[in-house]
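One point on numbering: in my numbering, the residue at position 179 of the sequence shown is 193, and numbering is uninterrupted.
Glycine included, C-beta positions come from ideal geometry on N, C-alpha and C.
Being a predicted model, the structure only gives us computed values, none of them experimental.
The next block holds one structure in the form of structure tokens; read it before the comments.
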Amino acid sequence: MLIEHRGSRPVVPDSAYVAPTAVLCGAVTLGERARILHGAVLSAEDGQVRVGSDVVIMENALVRGRSGHPAVIGDAVLVGPHAHINGATLEDEVFAATGASVFPGAVAGRGCELRINSVLHANSVLPPGTVLPIGWIAAGAPTARLFAPGDHDELWSVQRELDFPGTVYGVARNTSMRDIMARQADFYGAHLDDRTLDD
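Right, dumping it as structure tokens:
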């Protein structure tokens, strides 16, 4: 399904495939031979989603572009089922496996492998060719450090400085969920004016 959002329409070349149950919303641009499979959602909320050539975005993956943090996917990239790419960059030849999560401002360098259920934290940079193991977390810049799932205290010492709430929600860390969610409800209310485009 192609949806016009805030006056922007998806751009899909003839060589691309978008499954009938996939959703492209707003300023989404697909490259040649891109394949967007069933249930995948590419949503340009108030930014852009740019997808390179020979990219496969698998079932139920989410790719979201945000203001100041477009989602940029290079050439020859696989985004696995249930992966979440939010305002981040995946350079050429990246493999993002099932359930991988990449947060705003993050960059996975060329040829990285983000294995099952791994996390690349906001504003973190994974150098080219890095393998992020199953379930591990990468955090930090200019070069992310890798943390095992049980290394929370050590991870927090790096993660705290990456300003997740400021980057994702535009608020200070101590902002209440009531205030954050009121802002989010207003933000996503922009979809009330969306228009489904005919094929």
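Close beta carbons around residue i, own chain, < 6 Å, minus the five adjacent residues each side
{"i": "Val65", "result": "Leu44, Gly45, Ala48 and Ile87"}
{"i": "Val182", "result": "Pro118"}
{"i": "Pro24", "result": "Leu16, Leu38 and Val42"}
{"i": "Asp208", "result": "Ile17 and His19"}
{"i": "Val69", "result": "Ala48, Ile87 and Val91"}
{"i": "Glu105", "result": "Gly88, Gly123 and Arg124"}
{"i": "Pro95", "result": "Met72, Glu73, Asn74 and Thr112"}
Local conformation of residue i per DSSP, three classes
{"i": "Val182", "result": "helix"}
{"i": "Gly123", "result": "coil"}
{"i": "Ile194", "result": "helix"}
{"i": "His201", "result": "Reading the sequence as shown, one finds Phe at residue 201 and not His. Three-state result, Phe201: helix."}
{"i": "His52", "result": "coil"}
{"i": "Val139", "result": "strand"}
{"i": "Leu169", "result": "helix"}
{"i": "Leu160", "result": "strand"}
{"i": "Glu18", "result": "strand"}
{"i": "Arg129", "result": "coil"}
{"i": "Leu44", "result": "coil"}
{"i": "Leu134", "result": "strand"}
{"i": "Leu211", "result": "coil"}
Beta-carbon proximity of residue i to residue j, cut-off 7 Å
{"i": "Val93", "j": "Ala75", "result": "yes"}
{"i": "Ala153", "j": "His135", "result": "yes"}
{"i": "Ser171", "j": "Ala155", "result": "no"}
{"i": "Arg187", "j": "Pro179", "result": "yes"}
{"i": "Val77", "j": "Leu51", "result": "no"}
{"i": "Ala97", "j": "Ala114", "result": "yes"}
{"i": "Leu128", "j": "Leu146", "result": "yes"}
{"i": "Thr35", "j": "Gly53", "result": "yes"}
{"i": "Pro142", "j": "Gly125", "result": "yes"}
{"i": "Ala58", "j": "Gly82", "result": "no"}
{"i": "Ile130", "j": "Ile151", "result": "no"}
Integer Cβ distance of residue i from residue j, believed to fall under 8 Å
{"i": "Gly79", "j": "Gly101", "result": "6 Å"}
{"i": "Val121", "j": "Thr103", "result": "5 Å"}
Sequence-distant residues of its chain with Cβ nearer than 8 Å to residue i (five each side left out)
{"i": "Val185", "result": "Pro179, Asp193, Ile194 and Arg197"}
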